[in-house]
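> Sharing a structure, written as structure tokens. Questions coming.
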Ligand SMILES: Cc1cc2nc3c(=O)[nH]c(=O)nc-3n(C[C@H](O)[C@H](O)[C@H](O)COP(=O)(O)OP(=O)(O)OC[C@H]3O[C@@H](n4cnc5c(N)ncnc54)[C@H](O)[C@@H]3O)c2cc1C
Ligand SMILES: Cc1cc2nc3c(=O)[nH]c(=O)nc-3n(C[C@H](O)[C@H](O)[C@H](O)COP(=O)(O)OP(=O)(O)OC[C@H]3O[C@@H](n4cnc5c(N)ncnc54)[C@H](O)[C@@H]3O)c2cc1C
Ligand SMILES: Cc1cc2nc3c(=O)[nH]c(=O)nc-3n(C[C@H](O)[C@H](O)[C@H](O)COP(=O)(O)O)c2cc1C
Ligand SMILES: Cc1cc2nc3c(=O)[nH]c(=O)nc-3n(C[C@H](O)[C@H](O)[C@H](O)COP(=O)(O)O)c2cc1C
Ligand code: FES
Ligand code: FES
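In structure tokens:
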């Protein structure tokens, strides 16, 4: 079974990637997950400097999903390359670093630092985190901002550049196009949906930050729609995500047009999800007499229906 | 316990309304629901003429939600006033008619027909149905279109005019403002989220129409966020909805800024939801020593948190 | 839930303590059932009312014949006595049983479900009846004695030939229709997969007999609220119009459905 | 799940067939548990490992002490023998038990949970120990004989005065601290509601004794993946830094937590 997929110049042994912010810096999972077996590991969003994030409570559960407002707590890019990258490299993980910035210069600077170090496979540009006021989503919600961040990073690195798009806009494909035209090698989508929950007994928001990002199975049908829209709008590969919990969900995202997928929330619910998904994918291809996973990409059958299934 | 709420000139005995498209024309529920006990009944979207809608399958379940692409099948406004309105009037239901159009003239004409008949309490303008190509969402996704439809209907009726906003846009509050400035008495939100699901075994979309609208508990946290954003942006009342299943959810929507709420999908799952919700609301007010339901509206407590609850 | 009788690895009969529903049931009606909300499914599912159960002349319960097909039917298969099941009904348009004709019931697989109550009703009016019943294999032909006891003639078919005729149940049906004398008349009732219903309705029309078919559409509410369950029905002008099968059906005149638009 | 022992209307002990977890458990560690995904909750929940259960010297199981508080704890209360429970662990930093001091355990309500294994461990090293244990009422003081059997002195407090001292458990703790001779030394362990932990840590500092507290934060993953579970901890420069309590804790030095930022 050939599970390999290609994102720009990056070849992955399979399309299953740990989603940023849902897998720490990867090293936390070293004991229970074979990091080299994953297609890739997208590490937690990194600014240039350390950040302490929002006060707790930072998460809350909602129907078939969860809200988070972590506020991008993180150790900054310099400590990352010193303290975390060596182990990831040693394990043979394909490390995708999710980078953040409050200014274009910061994005570029973080990208530069990472490009200087071996063991980084690609840069995912977080222009879509709904949980911080400065930077991030302020770029991701404007076409110009999306193009600016992408170009700024493109100029300073030869690594694959993957802007991560927000779903909180009217027309996601136009953002995918803006990314493509500014030199992106691929796009990731979706980040979380801006959302909110209130504890009716205390009348307080369930998150200290009031607003947070919705992830998990609840958002999957919307994410699938956005992947399919973008697949029809750009030529570059799509890293699809949003509510994947098993191989069936992976295949749904690939049929809609994803070249690879990321799994976030489901890893919290079950850190052994990876083997389950990889085995399930293999099993599906076998049952359908396929040999290459890439033959799934965008292969939804939208031809007119001959008969209504009963 | 005073459950009365006011929407423009319309007074409702309680804030619980059946959502459009989820309660037929109301008359279907006459045998099992006391229509006069509901705050109001929003009937299925009506064009000027009859429409046959999309071929089945028209619905599919998704995590904590459902997709629909009914395609606004309906009997048209003339048959409605002849065949359905008399029973609704007789039962003392406060009938909110959800009106559709492919042109501004059609919206105005439907509104005019309805304004001529006794028993219509308000007009809800469906400018947000994601399931039809012509009309509807093409108005609802543009500020100008929203303003045009609202003004066109405003001109021909004295009934309360309630544009129903789509959640599939970057900035819902700007649409609420456009509606307010064009003479709307209130806004309804949210309609369904444009979404999609694929059957991985057949590789076909689960809906004949490919795309459909996501409703149900899954969307609640996003809808709550949008209600709260709009509450902070406009003076007119908000009819909040999206995933309400019980009194707790109603209260969450009211705390976020809704004056009234609508229940859609949950009525499919349990057509006896209405008594459960009304009793639960009463019980909550009693427990919290409140006498007026209106004291909940927008009363989320966002003051800085003194201590983290444990 | 009073009793879960597992008939095979896929089929079971659930007895539900719902005497009020039983009192009102007419053959061909259905209930909307839910064994519990899960992350994958919040909506109820439609099931034909299989038996109306009497104890000492009083109606005490109803049952449904369940076949594992997906999320909810799997959950219904796994239930244990005492579990709560939400059940709303009886719903829908029943079969027409006024006819003094010979009654032919055509059942495919779990499509047997509406015929138990229909046979009871036909037996009480002494209408002669035949059950054409097809399944994948002999082991999946259920309740044969039940129908025999009510006086039904049985014509069986299995796909693997392990009992009765090998092939689809429409094969013996066509033979029987061809053998019908020109003055004999049958009323044909059918329930099963949609291609079978279409075949039955087409055969009935070809041989000049009336038919009633019970369609199975995905239903969101069962009450006419959602418009999910439509079938294309011929209107006065011979045009196709989508009719809600939960309130306009599930039983339709076979000749009224525009099968080519299905 | 081997056994569900309901101790009261709110508390139960679940015995889980997880010998491998038992083998590795150190006092103060926890497991991430899930009794089944529901529409309201997909994430696991953290529970202290209560007992490590041995049969004929072999570790056969662990147990957790569960208190009904919401969706998942309600489901765990309702489980029946044989039900499947997902259980991941042991996780987190355990208590420090090297100290040769007198061990004082301070438990509030379900905060008793980590002290059963701690008491076992302390008993095996013959460390003298006292359990300060507070609950709402006498009926909610559990496993007293268990601790007595291990040689622990018990100091009880109930909010309604139905057993031991009336009031919070920090009241007798403060009395005991005040009575401590200047050369006597205790190591104070605490687990319970956060205001209690703060009070214990503050008292310990005031009386010059070391303390370790086990904090209870909402945890999304238990493995350091999500950053949901942070507590503000003093860094070298005396500044507050959020530390993940699932891997940096749940046991912290009481003096390290910046309670005013909690
Ligand atoms: C009026 C009526 C009476 C019925 N009576 C019975 C009965 O007596 N016994 C019985 O076992 N079943 C009966 N069915 C079918 C039963 O409702 C479906 O098997 C059930 O909805 C499947 O639900 P699920 O959650 O198990 O499957 P899902 O997980 O929802 O789906 C599994 C598969 O079944 C298909 N499916 C889903 N719902 C339906 C549906 N309503 N009709 C056809 N296919 C569907 C899906 O497309 C999917 O391919 C009846 C259906 C109708 C409309
Ligand atoms: C390290 C650790 C060890 C624990 N050990 C035990 C134990 O041994 N026995 C036991 O009964 N409980 C223990 N808890 C607490 C237990 O995890 C919570 O009671 C549980 O998460 C509540 O889940 P729920 O789904 O029942 O409640 P929910 O429906 O999620 O919430 C109910 C209420 O509890 C609050 N809550 C939710 N999660 C937590 C949490 N993690 N901590 C505190 N409050 C929370 C919510 O804010 C809400 O007000 C421990 C917690 C931690 C962090
Ligand atoms: C707790 C949490 C933290 C996250 N942090 C980040 C982050 O740092 N950078 C980022 O690009 N996305 C972040 N995300 C978004 C996820 O990477 C992913 O886009 C989203 O959760 C949808 O996937 P899922 O439904 O599989 O979780 C975070 C999500 C969660 C739940
Ligand atoms: C089957 C179905 C049909 C609907 N039809 C309409 C409609 O005709 N007009 C309209 O404005 N909204 C329609 N809606 C949207 C609902 O009124 C409501 O906005 C949405 O479902 C969110 O609420 P809920 O989560 O409680 O269902 C429909 C929704 C469903 C599920
Ligand atoms: S099932 Fe809802 S209208 Fe028929
Ligand atoms: S619980 Fe996820 S990081 Fe601690």
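Chains as they are written, first to last, in our numbering: chain Y, 24 to 333; chain X, 24 to 333; chain A, 149 to 410; chain D, 149 to 410.
Yeah, the Cβ is synthetic: ideal placement off N, Cα and C, and Gly gets one too.
1) I want to see whether chain Y comes within less than 8 Å of residue 273 of chain D, judged by CB atoms only; does it?
2) Within the present structure, is the beta-carbon of residue 235 of chain A separated from the nearest heavy atom of ligand 5 by less than 7 Å?
3) Please find out if some non-hydrogen atom of ligand 3 comes closer than 7 Å to the beta-carbon of residue 95 of chain Y.
4) Quick one: is residue 181 of chain A near chain D, going by C-beta distance under 8 Å?
5) Anything in chain X within Cβ reach of residue 192 of chain A, meaning under 9 Å, just list it in chain order.
6) DSSP three-state call for residue 198 of chain D: helix, strand or coil?
7) First and last residue of the alpha helix (DSSP H) that includes residue 178 of chain A?
8) Mind checking if residue 186 of chain D is an interface residue toward chain A, Cβ cutoff 8 Å exclusive?
9) Give a single yes or no on whether residue 344 of chain X has its beta carbon closer than 7 Å to a heavy atom of ligand 4.
10) What do you get for residue 469 of chain A, buried or exposed, if any count of 16 or more other CB atoms within 10 angstroms of its CB means buried?
11) CB of residue 217 of chain A to nearest heavy atom of ligand 1: below 7 Å?
12) Taking only beta-carbon atoms, is residue 235 of chain A less than 8 Å away from chain X?
13) Rounded to whole angstroms, what's the CA-CA distance from residue 326 of chain A to residue 355 of chain A? Just pull it up for me.
14) Excluding the five sequence neighbours on either side, which residues of its own chain have a C-beta within less than 6 Å of the C-beta of residue 308 of chain Y, listed in chain order?
15) Run down chain D in chain order and give the residues with a C-beta less than 8 Å from the C-beta of residue 327 of chain Y.
16) Quick one: is residue 109 of chain Y near chain D, going by C-beta distance under 8 Å?
17) Would you mind sorting residue 323 of chain A into buried or exposed? The rule is 16 or more other CB atoms within 10 Å of its CB.
18) Return helix, strand or coil for residue 67 of chain Y, following the three-state DSSP convention.
19) Go through the residues and name those whose CB comes closer than 6 Å to any heavy atom of ligand 5, in chain order.
20) Taking 8 Å as the threshold (beta carbon to beta carbon), is residue 323 of chain Y in contact with chain X?
21) In whole angstroms, what separates the C-alpha of residue 146 of chain X from that of residue 122 of chain X?
22) Could you pull the start and end residues of the beta strand (DSSP E) that residue 171 of chain Y belongs to?
23) Between which two residues does the beta strand (DSSP E) harbouring residue 45 of chain X extend?
24) Might you give, ordered along the chain, the residues of its own chain that have their beta carbon closer than 8 Å to the beta carbon of residue 80 of chain X, omitting 5 neighbours on each side?
25) Any beta carbon from chain D within less than 8 Å of residue 96 of chain Y's own beta carbon?
26) Does any residue of chain Y have a CB that is nearer than 8 Å to the CB of residue 264 of chain X?
27) Tell me the rounded alpha-carbon separation between residue 241 of chain A and residue 305 of chain X.
28) Ordered along the chain, which non-local residues of its own chain (more than five positions away) have a Cβ less than 7 Å from that of residue 42 of chain X?
29) Measure from the C-beta of residue 141 of chain X to each C-beta in chain A and report whether the shortest distance is under 8 Å.
30) Skipping 5 residues on each side, what residues in its chain have a beta carbon closer than 6 Å to that of residue 250 of chain D?
31) May I have a chain-ordered list of the alpha helix (DSSP H) segments no shorter than 4 residues that lie completely inside the segment 294 to 365 of chain D?
32) Closer than 7 Å, Cβ to Cβ, to anything on chain X: give me those residues from the segment 185 to 213 of chain Y, in chain order.
33) Within the continuous beta strand (DSSP E) that includes residue 149 of chain X, where are the two ends?
34) List, in chain order, every chain A residue whose beta-carbon is nearer than 8 Å to that of residue 76 of chain X.
35) With a threshold of 7 Å (Cβ to nearest heavy atom), would residue 289 of chain X be considered close to ligand 8?
36) Under 6 Å Cβ to Cβ from residue 243 of chain Y, same chain only, skipping five residues before and after it: list those, please.
Inspection of the coordinates gives the following:
1) No - not a single Cβ of chain Y is within 8 Å of the one on residue 273 of chain D.
2) A distance criterion of 7 Å places the beta-carbon of residue 235 of chain A beyond contact range of ligand 5, judged by its closest non-hydrogen atom.
3) Answer for residue 95 of chain Y: yes, Cβ within range of ligand 3.
4) No, no contact with chain D.
5) Taking a Cβ-Cβ cut-off of 9 Å, the neighbours of residue 192 of chain A in chain X comprise 291, 292, 293, given in sequence order.
6) Annotated three-state conformation of residue 198 of chain D is coil, per DSSP.
7) Unbroken run through residue 178 of chain A is the beta strand (DSSP E), 178 to 182; no alpha helix (DSSP H).
8) Contacts with chain A at 8 Å (Cβ-Cβ) include residue 186 of chain D.
9) Residue 344 of chain X falls outside the range modelled here, since chain X spans only 24 to 333, and no answer is possible.
10) Within the shown structure, residues of chain A are numbered from 149 to 410, placing residue 469 of chain A beyond reach of any answer.
11) Indeed, a heavy atom of ligand 1 lies less than 7 Å from the Cβ.
12) Using beta-carbon distances, residue 235 of chain A does not count as an interface residue toward chain X, since no partner is under 8 Å.
13) In this model, residue 326 of chain A and residue 355 of chain A are separated by some 7 Å (Cα to Cα).
14) Excluding sequence neighbours, residue 308 of chain Y sits near 24.
15) None at all; the shortest Cβ gap to chain D is about 35 Å.
16) No, residue 109 of chain Y lies away from the interface with chain D (no Cβ there is under 8 Å from its Cβ).
17) Exposed, since its Cβ has fewer than 16 Cβ neighbours within 10 Å.
18) Secondary structure of residue 67 of chain Y (DSSP, three-state): strand.
19) Those residues whose C-beta sits under 6 Å from the nearest heavy atom of ligand 5 are, from N- to C-terminal order along the chain, A:367, A:368, A:369, A:370, A:372, A:373, A:374, A:375, A:376, A:377, A:392, A:394.
20) Closer than 8 Å: yes.
21) For residue 146 of chain X and residue 122 of chain X, the distance between alpha carbons rounds to 7 Å.
22) Residue 171 of chain Y -> not in any beta strand (DSSP E); alpha helix (DSSP H) instead, spanning 166 to 179.
23) Following the DSSP letters along the chain, one finds residue 45 of chain X in no beta strand (DSSP E), marked with neither H nor E.
24) So the qualifying residues of the chain are 229, 230, 231.
25) So yes, residue 96 of chain Y belongs to the interface.
26) By this cut-off, residue 264 of chain X is not an interface position.
27) One Cα belongs to residue 241 of chain A, the other to residue 305 of chain X, and the distance between them is close to 38 Å.
28) Taken in chain order, the residues that qualify are 65, 264, 285, 286, 287.
29) Chain A contact via Cβ: absent.
30) Cβ neighbours of residue 250 of chain D beyond the five flanking positions: 276, 334.
31) The qualifying runs are 318 to 327, 342 to 354.
32) If the cut-off is 7 Å between Cβ atoms, the segment 185 to 213 of chain Y has 191, 192, 193 near chain X.
33) Looking at the DSSP string, the run of the beta strand (DSSP E) that includes residue 149 of chain X is 143 to 149.
34) Neighbours of residue 76 of chain X on chain A, chain order: 375, 378, 390.
35) The model on display carries ligand 1, ligand 2, ligand 3, ligand 4, ligand 5 and ligand 6 but not ligand 8.
36) Only 265, 266 meet the Cβ criterion.
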